[in-house]
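Residue numbers (our numbering): 366 to 606.
Every residue, glycine too, gets a C-beta built ideally from N, C-alpha and C.
Remember, predicted model here, so these are calculated numbers, not experimental data.
Shown next, in structure tokens, is the structure this report addresses.
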Amino acid sequence: MITTLIADDEKHARERLRELLDRFGIFDIVAEAVDGNEALSLMLTRGPRVAFLDITMPGISVFTAIPSLQNPPLIIFQTAYSEHAANAFEIDAVDYLLKPIRYERLEKAVSKILSKLGKGTQPPISPDSSSKPVEQVTIKVGGKTRIIAAKDIVRISFIEDFCYLYTENEKMISDKYLSYYEEKLHGGRFYRTSRTDIINLDCIAVINKEFQGMYTIELKNGMQVDLSRRRAQLLRKIIDF
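Now the structure itself:
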């Protein structure tokens with residue numbers, strides 16, 4: 366197992382990354398930190414082989430902390446901002462991940478980690494990365510876990526750090542990222558129309574052509590989603606319109 370530190374001041378981001386790393390089955394998350402000072406202390410005392418660090422945490426700057434370490438771990442930076450990339454690679458970071466982190470993008474970072482550690486270039490295949498889509502998803506509501514049949518989901522939207530799942534008659538909130546549902550439903554009758562929306566292709570009522578190659582999709586529950594020209598070209602490979 367690869368001993369690993371996760372450092373991020375956002376609890377949701379730490380939980381999301383832990384969930385993704387658990388799928389690989391090779392990371393032993395030995396510590397978590399909520400600011401730069403705690404991250405530096407844990408790197409000194411716990412000696413993780415890999416550290417996933419948020420760049421904009423409070424406390425000491427990670428760009429100051431890392432060079433001060435005699436034997437630093439392999440560093441993967443994670444942030445919602447791209448302007449720090451140059452500084453990240455100046456201190457020999459393994460990779461630089463933009464939030465929200467996608468599983469497919471994390472796989473590439475894990476390959477780099479394994480290569481650095483001399484363990485080959487391919488991460489193990491996660492059971493969740495199978496092309497077979499799930500038939501149901503779960504959502505925690507008021508301390509209870511609801512089971513939603515995938516075929517009943519009309520649309521999934523990501524708005525301000527939360528996903529909203531829509532059925533014909535209901536709207537439910539989830540703390541998962543859109544990429545989580547995209548991975549779960551991959552290979553099924555679901556299509557990502559934009560950075561913020563996934564729709565059930567069996568729930569399309571009308572596809573309206575707009576200007577400059579853009580489209581609007583009307584769903585059976587009355588909702589509308591936009592479809593770009595590029596996404597429309599890809600969708601034509603699946604359905605004829």
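Can you tell me the Cβ-Cβ gap for residue 427 and residue 390, rounded? I've got them flagged as a contact below 8 Å.
For this step, residue 427 is matched to residue 62 along the sequence shown. For this step, residue 390 is matched to residue 25 along the sequence shown. So it is not a contact: roughly 27 Å between Cβ atoms.
Using three-state DSSP, classify residue 539 as helix, strand or coil.
Counting from one through the sequence shown, the residue named residue 539 turns up at place 174. Note: residue 539 maps to strand in three-state DSSP.
Close beta carbons around residue 386, own chain, < 6 Å, minus the five adjacent residues each side:
Reading the sequence shown from its first residue, position 21 is the one you call residue 386. Contacts found: 392.
C-alpha distance - residue 369 paired with residue 417, whole-angstrom precision:
Residue mapping note: residue 369 aligns to position 4 of the sequence shown, counting from 1. Residue mapping note: residue 417 aligns to position 52 of the sequence shown, counting from 1. Taking the straight line joining both Cα atoms gives about 8 Å.
Entirely enclosed beta strand (DSSP E) segments - the region 503-562, minimum 3 residues
509-514, 520-524, 527-531, 536-539 and 555-557
If I follow the unbroken alpha helix (DSSP H) through residue 428, where does it start and stop?
One-based indexing of the sequence shown puts residue 428 at position 63. 427-430 is the span of the alpha helix (DSSP H), which, as asked, contains residue 428.
Comparing alpha-carbon positions, which option in 555, 554, 523 and 547 lies nearest residue 540?
As a working note, residue 540 is residue 175 in the sequence shown. For residue 540, the nearest C-alpha among the options comes from 523.
Short Cβ contact (7 Å threshold) for residue 462 with residue 443:
The residue given as residue 462 occupies position 97 in the sequence shown. The residue given as residue 443 occupies position 78 in the sequence shown. Yes, they are a contact pair.
Run of the alpha helix (DSSP H) containing residue 473, from where it starts to where it stops:
Along the sequence shown, one-based indexing puts residue 473 at 108. Segment 468-481, the alpha helix (DSSP H) holding residue 473.
Within its chain, find whatever has a CB closer than 6 Å to the CB of residue 562; leave out the 5 residues flanking it on each side and keep chain order.
Position 197 of the sequence shown, counting from 1, holds the residue named residue 562. Excluding sequence neighbours, residue 562 sits near 522 and 590.
Using a Cβ-Cβ cut-off of 8 Å (strictly less than) and excluding sequence neighbours within five positions of residue 574, which residues of its own chain qualify?
In the sequence shown, residue 574 corresponds to position 209, counting from 1. Only 580 meet the Cβ criterion.
For residue 499 versus residue 549, is the C-beta distance shorter than 7 Å?
For the purposes of this step, residue 499 is identified with residue 134 of the sequence shown, where counting begins at 1. For the purposes of this step, residue 549 is identified with residue 184 of the sequence shown, where counting begins at 1. Going by C-beta atoms, residue 499 is nearer than 7 Å to residue 549.
Helix, strand or coil at residue 598 [DSSP, three-state]
By 1-based counting over the sequence shown, the position of residue 598 is 233. Residue state, collapsed to three classes: helix.
Tell whether a beta-carbon distance below 7 Å holds between residue 542 and residue 465.
Mapped onto the sequence shown, residue 542 falls at position 177. Mapped onto the sequence shown, residue 465 falls at position 100. Judged by their CB atoms, residue 542 and residue 465 are nearer to each other than the 7 Å cut-off.
For residue 534, which residues from the same chain have a beta carbon less than 8 Å from its beta carbon, with the 5 sequence-adjacent residues on both sides left out?
For the purposes of this step, residue 534 is taken as residue 169 along the sequence shown, with counting starting at 1. Result list for residue 534: 586, in chain order.
CA-to-CA distance, residue 520 to residue 424, given in whole angstroms:
Here residue 424 refers to the residue found at position 59 when the sequence shown is read from its first residue. Here residue 520 refers to the residue found at position 155 when the sequence shown is read from its first residue. Residue 424 and residue 520 have their alpha carbons spaced roughly 40 Å apart.
Just curious, the beta strand (DSSP E) that residue 574 is in, first and last residue?
Against the sequence shown, residue 574 aligns to sequence position 209. Residues 569-574.
List the endpoints of the continuous alpha helix (DSSP H) containing residue 404.
Here the question's residue 404 lines up with position 39 in the sequence shown. From DSSP, the alpha helix (DSSP H) with residue 404 extends over 401-411.
Residue 435 - DSSP class collapsed to helix/strand/coil:
Taking the sequence shown and counting its residues from 1, the one referred to as residue 435 is at position 70. Residue state, collapsed to three classes: coil.
With DSSP run on the structure shown, which of helix, strand or coil describes residue 380?
To locate residue 380, count along the sequence shown from 1; it is residue 15. Under the three-state reduction of DSSP output, residue 380 falls in the helix class.
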